[in-house]
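In order, the protein sequence lines correspond to chains A and B. Heads up, the first sequence is in the working numbering, so the first residue is 1 and it goes up one at a time. Heads up, the second sequence is in the working numbering, so the first residue is 1001 and it goes up one at a time. Okay, so here's the structure we're looking at.
Protein chains: 2
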Amino acid sequence: MAIRIGVYGYGNLGRGVECAVRQNPDMKLVAVFTRRNPASVRTVFSDTPVVAAEQVLEYKDRVDVMILCGGSATDLPVQTPALAADFHVVDSFDTHASIPAHFAAVDKAAGNSHVAVISVGWDPGLFSLNRAYAQAVLPQGEEYTFWGKGVSQGHSDAIRRIDGVVDARQYTIPVPEALAAVRRGETPTLTAREKHTRLCYVVAKEGADKARIEKEIVTMPHYFDQYDTTVEFISAEEMARDHSGIPHGGCVLRSGCTGEEGENRHVIEYSLKLDSNPEFTASVLVCYARAAYRLAQKGASGCHTVLDVPVGYLLPVEGDVLRRSLL
Amino acid sequence: MAIRIGVYGYGNLGRGVECAVRQNPDMKLVAVFTRRNPASVRTVFSDTPVVAAEQVLEYKDRVDVMILCGGSATDLPVQTPALAADFHVVDSFDTHASIPAHFAAVDKAAGNSHVAVISVGWDPGLFSLNRAYAQAVLPQGEEYTFWGKGVSQGHSDAIRRIDGVVDARQYTIPVPEALAAVRRGETPTLTAREKHTRLCYVVAKEGADKARIEKEIVTMPHYFDQYDTTVEFISAEEMARDHSGIPHGGCVLRSGCTGEEGENRHVIEYSLKLDSNPEFTASVLVCYARAAYRLAQKGASGCHTVLDVPVGYLLPVEGDVLRRSLL
């Protein structure tokens, strides 16, 4: 019998989950739950049921795992604990500093009755896993994370809040020389500026002072002042034509040494090139929904992260098949 | 109290473990066990105790985890089950096709009393893990493994068995165009010849027929006939000077698609560049020895592979610290 999935919150991420579930024959999407008027929501696939969020508890026995697709700022801190009392849940909570508090709240709510897996995605998520593996294997080493080339939603939003800006898209780009040095096995100490540059495409209001906008961007504390930032003004048409996608990616590297006196060097790299950040994150959420279901079947409960879940639980086949096909 | 490690079998891999244990302050190397005369064995560090293999059972209460460093052809199929009855064990059994049988034998021997983790290293091992993660996240996709540039011991040995050959070193090298295509997100169907080339450095006996040796190499069934193979004859001095290292590496890639109609493409890559294949493999074995110990402390028993072990078990810190530092 297929694992019955619910999607709670329906934006880009929820749409990604709606698509991803169809790639997994052992799963079935029961419904998407929305705080909007369900009649107003257009799903990717016309046969996806849309249900009002307030009716979610009526689905307690019809949904095996609820995938939460709200935002980390205000949605998930409330929704994940609330739903973990009644469902097995998976979320992509990504406010790094608040993960311990979120973990504790979700763990308490899930108690002995439900399984939760939080902070699932690629960073936190797959990148976290790879930091952990690389650190375990090469304890004497240095670790680097580069992000991009990709769209930073937070930085794009920050630009949009500037007076005179109609639309903006910010790309984070690794500095090629820094990345190449780390890949060669060097272990430089890198400042924020030496690791990434920021490229901003901005649509300005007609008659707006572009020089002032550019200055406000490049001097914005934390977001841009520590980086070499390039601002390009484009038309709304160019924005729609060239920057409608949400690509992202990046890499986690660890450079470490072994041997009698550390004379041999090793570089471990994990890298992602993603056409669609939300769809890829959704795909990670979906395989961890399977893991949550399987953990529950084995009698587990409480809150987990990717660091606690064996990779075998992510796949729809049993151990003997895995060993034959993957080892 | 430190985790007490034993090393059973003392060649390049055992020497690597001897070095790697010193990088992990929560571990201590109790002894290396050898079938040779212990007095004749020179360890990397002069204070490493060397003990005759037949005395190993005297160490039943002095060793927490035994790391087996023998070969997969004849040593490990016998030694891992034999020792799993009395110790928690970790091995690097890498005969892919025989892993299911080895798993069954070790699982039976370990029974309810001991933990075993088999087939630990980078392939099988870290590469297997990354195949599993990538397949789980991108079920609609194609997977590629490239090896090298690196020394293949099996191919080097095959050349050494040819009449007139004094010494040989074979490097496996990915075909750059094939690797680049996969990294770009293409999903070509590649033959063995299209994925890797083979470069052989050979020291011939004085007066040997080099043309005949070269022909015997490039036409050797399975090892070389399916590849574009280059043979270079060098002197023994050049071999010693330029080819004494045992570098290796490679990458696992998965290219997959998501979205309503698979319109968005993603490339996941895991790559390793290793100065010393045995030392890196040893480092992987050592962190899985920690995992075996921690699994045993949690009440686990029987045979495991990397697919069954959460990454959190590989690290010497607890869950809350992991979540703060790695997620």
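A virtual CB, placed ideally from N, CA and C, is assigned to each residue, including glycine. All figures in this text were calculated on a predicted structure; none of them were measured in a lab.
Runs of 3 residues minimum, wholly inside the stretch 72-105 of chain A: which ones carry the beta strand (DSSP E) assignment? 88-90
List the residues of chain A whose Cβ lies closer than 9 Å to the Cβ of B:Leu1138, in chain order. Gln23, Phe280, Ser283
Just the Cα atoms here: how many angstroms apart are B:Ala1300 and A:His248? 40 Å
First through last residue of the beta strand (DSSP E) which encompasses B:Val1120: Premise fails: B:Val1120 is in no beta strand (DSSP E) and is neither H nor E.
Coarse secondary structure for A:Thr197, derived from DSSP in three states: strand
Between the C-alpha atoms of A:Pro139 and A:Asp86, what's the straight-line distance to the nearest angstrom? 41 Å
Residue span of the alpha helix (DSSP H) that contains A:Ile217, given as start and end: 210-218
CB A:Ile246 to CB A:Ser276, shorter than 9 Å? yes
Just to confirm before moving on: does the CB-CB distance between B:Asp1091 and B:Thr1080 stay below 9 Å? yes
Which residues in chain A have a C-beta closer than 8 Å to the C-beta of B:His1096? List them in chain order. Leu327
Quick one: is A:Pro339 buried, meaning 16 or more other Cβ sit within 10 Å of its Cβ, or exposed? Because chain A is modelled from 1 through 327, residue 339 of chain A falls outside the range shown and cannot be assessed.
Any C-beta of chain B within less than 8 Å: which residues of the stretch 308-327 of chain A qualify? Asp308, Val309, Pro310, Val311, Gly312, Leu314, Leu315, Gly319, Asp320, Leu322, Arg323, Arg324, Leu326, Leu327
Roughly how many angstroms lie between the CA atoms of B:Asn1112 and A:Glu58, to the nearest whole one? 44 Å
Please list, in chain order, the chain B residues whose beta carbon lies closer than 9 Å to that of A:His266. Gly1249, Leu1272, Lys1273, Leu1274, Asp1275, Ser1276, Glu1279, Phe1280, Ser1283
Coarse secondary structure for B:Gly1016, derived from DSSP in three states: helix
Candidates A:Glu232, A:Leu253, A:Gly125: which alpha carbon is nearest A:His243's? A:Glu232
Contact list for B:Val1044 against chain A, beta-carbon separation under 7 Å: Glu260
Nonlocal neighbours in the same chain, by C-beta distance under 7 Å from A:Gly9, ignoring five residues either side: Leu68, Cys69, Gly70, Asp75
Residues within the stretch 1217-1249 of chain B neighbouring chain A, beta-carbon criterion of under 7 Å: none
Any chance the stretch 1296-1311 of chain B sits against the stretch 282-302 of chain A, with 3 or more Cβ pairs inside 8 Å? no
Secondary structure of A:Tyr330, DSSP reduced to three states: Lying before the first or after the last residue shown, residue 330 of chain A is absent from chain A, which here runs from 1 to 327.
Chain B residues whose Cβ lies nearer than 8 Å to that of A:Gln135: Leu1315, Leu1326
Tell me which same chain residues have a C-beta within less than 8 Å of the C-beta of B:Glu1263, skipping the five on either side of it? Cys1257
Let me see if you follow: with CB-CB separation under 9 Å, is A:Gly148 close to chain B or not? no
Secondary structure at A:Gly350, three-state DSSP: helix, strand or coil? Missing from the structure shown is residue 350 of chain A; chain A here goes from 1 to 327 and no further.
Can you say whether B:Lys1205 is buried or exposed, counting buried as having 16 or more other CB atoms within 10 angstroms of its CB? exposed
9 Å is my cut-off, CB to CB: does A:Val200 come that close to chain B? In the sequence as displayed, the identity of residue 200 of chain A is Cys instead of Val. Not closer than 9 Å to any Cβ of chain B, the Cβ of A:Cys200 fails to qualify, so no.
Cut-off 7 Å between Cβ atoms - residues of its own chain near A:Arg161, not counting five sequence neighbours on either side: none
Quick check: what's the CA-CA separation for A:Ser40 versus A:Pro278? 22 Å
Whose C-alpha, out of B:Asn1037, B:Gln1226, B:Cys1019, is nearest the C-alpha of B:Gln1055? B:Asn1037
Give the interface partners of B:Glu1142 over in chain A, defined as CB-CB distance under 9 Å, in chain order. Chain A residues near B:Glu1142: none, gap ~14 Å exceeds 9 Å.
One question on the structure: do A:Val137 and B:Ser1128 come within less than 9 Å of each other, judged by their Cβ atoms? no
For B:Arg1254, the residue or residues it bridges with in DSSP: B:Glu1143, B:Ile1268
Would you say B:Ile1159 faces chain A, with C-beta separation under 9 Å as the test? no
Would you give the residue range spanned by the beta strand (DSSP E) that B:Met1066 belongs to? 1065-1068
Selected residue, minimal CA-CA separation from A:Pro176, among A:Arg169, A:Val202, A:Asp167, A:Leu190: A:Leu190
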